[in-house]
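Asks:
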Amino acid sequence: MVREDRAQKIVAGLRKLYPDAKCELDYSSPHELLFATILSAQCTDVRVNKVAKTLFKRYKTPADYAKADPAELESIIRSCGFYRMKAQSIKEAAQALVERFGGEVPAEMEQLLTLRGVARKTANVVLGSAFGKAEGVVVDTHMKRLAYRLGLSDEQDPVKVERDLMACVPRKDWIFFSHAMVWHGRRVCKAARPACDDCALRPSCPQRGLDAD
């Protein structure tokens with residue numbers, strides 16, 4: 004089965020399984036989504052959402068984050084892991100938003116990528132969920148694992164995985180596909196014990212690397 008055909012069947016299956024798939028991070032503005040996504044690196048969305056309740060209550064605008072005391076910011080996000088690095092990324096990204104973008108999150112890939120702590124994964128999350136713009140496919144650990152298992156990419160580098168997915172998945176499906184694949188990875192096609200017998204995508208799956216993380 005060629006990748007385009009397999010991708011089409013997988014997207015169709017995902018739409019039946021998860022018609023309401025969306026970003027599972029809580030946010031009420033583009034900058035909240037941006038900072039929550041930075042926090043989500045090597046951390047669960049559940050943990051980030053717990054931390055975000057306090058974080059978003061304490062700081063309301065990018066200017067607030069830009070002026071935040073580093074120690075206070077670190078203490079709030081400590082449980083998300085790598086808190087010093089993440090706090091610095093959030094503070095410097097906020098400063099850039101204030102100084103270069105009028106306090107607003109830019110809706111362009113090139114501009115987002117100039118912000119500290121923002122690579123294509125984070126930029127794609129923000130563009131897709133906050134602005135409804137399909138500029139790429141979100142490649143996190145779940146997407147990378149499923150893309151290989153489902154035969155949509157042979158690559159390990161996230162940029163190359165994204166390139167393969169953009170080539171075989173129609174652009175109109177990129178935003179939904181990004182969310183639905185993550186949902187499937189969390190609920191069914193888990194790293195250690197994928198529920199293959201109960202997987203509705205099994206007819207389209209070559210079941211490669213089932214022990215891969």
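Per our numbering, numbering through the sequence shown is continuous, rising by one, with the last residue being 216. Backbone N, C-alpha and C define an ideal beta-carbon position, used for all residues, glycine too. Fair warning: this is a prediction, and the values are worked out from it, not measured in the lab.
Hey, is the region 68-76 in contact with the region 96-112, meaning 3+ C-beta pairs nearer than 8 angstroms?
Replies: Touching, yes.
Asks: Runs of 4 residues minimum, wholly inside the region 16-103: which ones carry the alpha helix (DSSP H) assignment?
Replies: DSSP runs (the alpha helix (DSSP H)) wholly in the region 16-103: 33-42, 48-61, 65-69, 73-80, 86-103.
Asks: Does DSSP put K12 in a helix, in a strand, or in coil?
Replies: Correct three-state label for K12: helix.
Asks: Taking 7 angstroms as the threshold (C-beta atoms), are I13 and S207 in contact?
Replies: Going by C-beta atoms, S207 is nearer than 7 angstroms to I13.
Asks: Could you pull the start and end residues of the alpha helix (DSSP H) that G171 belongs to?
Replies: According to the sequence displayed, residue 171 carries Cys and not Gly. 161-171 is the span of the alpha helix (DSSP H), which, as asked, contains C171.
Asks: For E158, which three-state DSSP category applies?
Replies: Note: E158 maps to coil in three-state DSSP.
Asks: Please classify P73: is it buried, with 16 or more other beta-carbons within 10 angstroms of its beta-carbon, or exposed?
Replies: That one is exposed.
Asks: Classify K147 as buried or exposed, calling it buried when 16 or more other Cβ atoms lie within 10 Å of its own Cβ.
Replies: Per the 10 Å Cβ criterion, buried.
Asks: Taking just the CA atoms, how far does K60 sit from M88?
Replies: Going from the Cα of M88 to the Cα of K60 covers about 21 angstroms.
Asks: To which residues of the same chain is W177 closer than 6 angstroms at the C-beta, ignoring the five residues directly before and after it?
Replies: The residues are A137, V140.
Asks: How should T40 be labelled, buried or exposed, when 16 other C-beta atoms within 10 angstroms of its C-beta is the threshold for buried?
Replies: The residue in question, T40, is buried, as its Cβ has 16 or more Cβ neighbours within 10 Å.
Asks: Take G84 and list the residues in its own chain whose beta-carbon comes closer than 7 angstroms to its own, dropping the five residues that flank it on each side.
Replies: Hits under 7 angstroms: Q45, C46.
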